[in-house]
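I have placed the structure first, in the form of structure tokens, so that the comments after it can refer back to it.
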Amino acid sequence: MVDHIYLFMGIQGSGKGTQAERLSKALSIPHISTGDIFREVINQNSPLGEELRAILNRGDLVPDELTSRMVRERLSRPDAAKGFILDGYPRTQGQVEHLDQMLAEMGRSIRAVFFFDLPEEETVARLEPRRVCTKDSSHIYHLVNKPPKQDMVCDIDGAPLKQRDDDKPEAIRKRVAEYKRETLPLLDHYRQKDLVRRIDAMQSIDAVTEEVLKIANA
Ligand code: AMP
499 MVDHIYLFMG IQGSGKGTQA ERLSKALSIP HISTGDIFRE VINQNSPLGE ELRAILNRGD
559 LVPDELTSRM VRERLSRPDA AKGFILDGYP RTQGQVEHLD QMLAEMGRSI RAVFFFDLPE
619 EETVARLEPR RVCTKDSSHI YHLVNKPPKQ DMVCDIDGAP LKQRDDDKPE AIRKRVAEYK
679 RETLPLLDHY RQKDLVRRID AMQSIDAVTE EVLKIANA
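In the working numbering, the protein residues as written are 499 to 716.
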């Protein structure tokens, strides 16, 4: 049986979250986004949540140990048994090493690393108009390309929409700089293993999905 383990890498706004949702549905495997995991903890208003809120609002990275611990817990759940999509993890060299170690312990391996390649200047244009559901941040809208039916209300659960603090221009620039410094070089690790599949993220959403599905089902 194929173990459908995929990493989704790409600059903020490259559409990886949207594509991860689609692949998740197509293969019935969980879409695991570390950003979403952190935002869930923040919504619970615990001391840890407050700490995470401050880190995310600054556009900084959450420490590796904490991030990897949360991923390890998530991967151990039964729904990840036949595969999973990791979106937004690993993001640092330390996390690459943690992930390699976790997978080795589980006797599992990555099937492909999708690299959603988008020019840097596109990111602010794409992220600024993004709005997310306050109840479930995987419900994502775009004021121009994918507006909700009712102004600032989620189509799926009727909760209000909001702009993520880290989608404000200053935080976006910081995240892009961090991505280029920390995350982009990580692709080399996976290139050496011949796992990287580059996708042109300027294509339409449907064209990207088609390409992703073709590779996953190959
Ligand atoms: P995202 O939704 O992937 O854009 O992530 C939002 C924020 O969550 C990031 O700007 C970081 O502050 C934090 N975050 C998400 N994934 C990671 C990760 N793998 N390592 C450290 N911080 C992360």
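For glycine and all other residues, C-beta sits at the position ideal for the given N, C-alpha and C.
Look at residue i and residue j and say whether their C-beta atoms are less than 8 Å apart.
i, j, result
"F506", "F614", "yes"
"L684", "P545", "no"
"I530", "L597", "no"
"V694", "V611", "yes"
"I703", "G586", "no"
"Y504", "A716", "no"
Give the DSSP-derived three-state secondary structure of residue i in the structure shown.
i, result
"D598", "helix"
"L711", "helix"
"K660", "strand"
"L584", "strand"
"H687", "helix"
"G533", "helix"
"V651", "strand"
"M604", "helix"
"A716", "coil"
"A705", "helix"
"V560", "coil"
"I513", "Note on identity: in this sequence residue 513 is Gly, with Ile being the wrong assignment. The answer is coil: DSSP assigns G513 none of H, G, I, E or B."
"I540", "helix"
Please report how far the alpha carbon of residue i lies from the alpha carbon of residue j, in whole angstroms.
i, j, result
"L625", "V674", "11 Å"
"N643", "A552", "30 Å"
"R629", "E595", "33 Å"
"L525", "E619", "32 Å"
"P576", "P528", "10 Å"
"R567", "A657", "30 Å"
"R689", "D649", "43 Å"
"R671", "G557", "9 Å"
"M604", "K647", "44 Å"
"P617", "D698", "10 Å"
"A669", "N555", "8 Å"
"R696", "V560", "27 Å"
"K712", "V500", "15 Å"
"V651", "C631", "8 Å"
"R679", "Q591", "11 Å"
With 16 as the cutoff for other CB atoms within 10 Å, does residue i come out buried or exposed?
i, result
"A518", "buried"
"I654", "exposed"
"D686", "exposed"
"Q510", "buried"
"S522", "buried"
"D692", "exposed"
"Q701", "exposed"
"L573", "buried"
"S607", "exposed"
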